[in-house]
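At position 37 of the sequence shown (counting the first as 1) the number is 259 in this note's numbering, and the numbers step up by one without a gap. Note that the Cβ used here is the ideal one computed from N, Cα and C, for glycine as well. Since this is a predicted model, take the numbers as computed values, not measurements. Read the structure below first, then the notes.
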Amino acid sequence: MNIGDDEDDQSFHATRDGYSHLSDVEWDAVERMGSTMGIHAVSVMLEALNRDAQHATIAKFIQNELDAEREKVALLHQQGSQQAELLREQGAQQFELLRQQQAAAGGSTRVHRPETLKIHISKYRGSKRTPFRDGSSNWMTP
């Protein structure tokens, strides 16, 4: 039974025995090729190629997949770096704008509290023997 005998996906998997010389990794790649290029195209290709050419073709397919994934990662990394740089610039701009607004507002953003009035209260209670004299009153002097 060959891959191209039936377009059903199950028959595609059943032909693994016909290509026992392919490793599991290679067979997984053959299945991915079937899902992207079509089962019939892959079966015709495998039937037309000898074993060495099958290995080489599958290796090339795997290499193309890896290259495509590397490009995606590089693009995502580049976009991530650009976004991080934009965020840093925006943060710096917002900080500078806030600083300028605060400088322009001057003292208006500060809350001024009135200075507290401190009253000095003497702990002197006096006694009956010593009258309280502060020096400004002359009423007790003869």
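Same chain, Cβ closer than 7 Å to residue i, five either side skipped, listed in chain order
i      : result
Asp231 : With a pLDDT of only 49 at Asp231, under 50, the local geometry of the prediction cannot be trusted, and the value read off the model is given with reservation. Cβ neighbours of Asp231 beyond the five flanking positions: none.
Ile225 : Because Ile225 carries a pLDDT of 49, less than 50, the predicted location of this residue cannot be relied on, and no value is offered for it.
Cβ neighbours of residue i in the same chain (closer than 8 Å, five flanking residues each side left out)
i      : result
Val252 : Tyr241, Leu244, Val264, Leu268, Ile280
Arg273 : His243
Three-state secondary structure assigned by DSSP to residue i
i      : result
Pro303 : A small fix is needed here, since residue 303 is Ser in this sequence, not Pro. Residue state, collapsed to three classes: helix.
Glu318 : helix
Glu337 : coil
Cβ-based neighbour list, residue i, same chain, cut-off 6 Å, excluding 5 preceding and 5 following
i      : result
Leu298 : none
At what residue ranges does the stretch 226-300 contain a whole run of the alpha helix (DSSP H), taking only runs of 4 or more?
231-236, 246-259, 261-270
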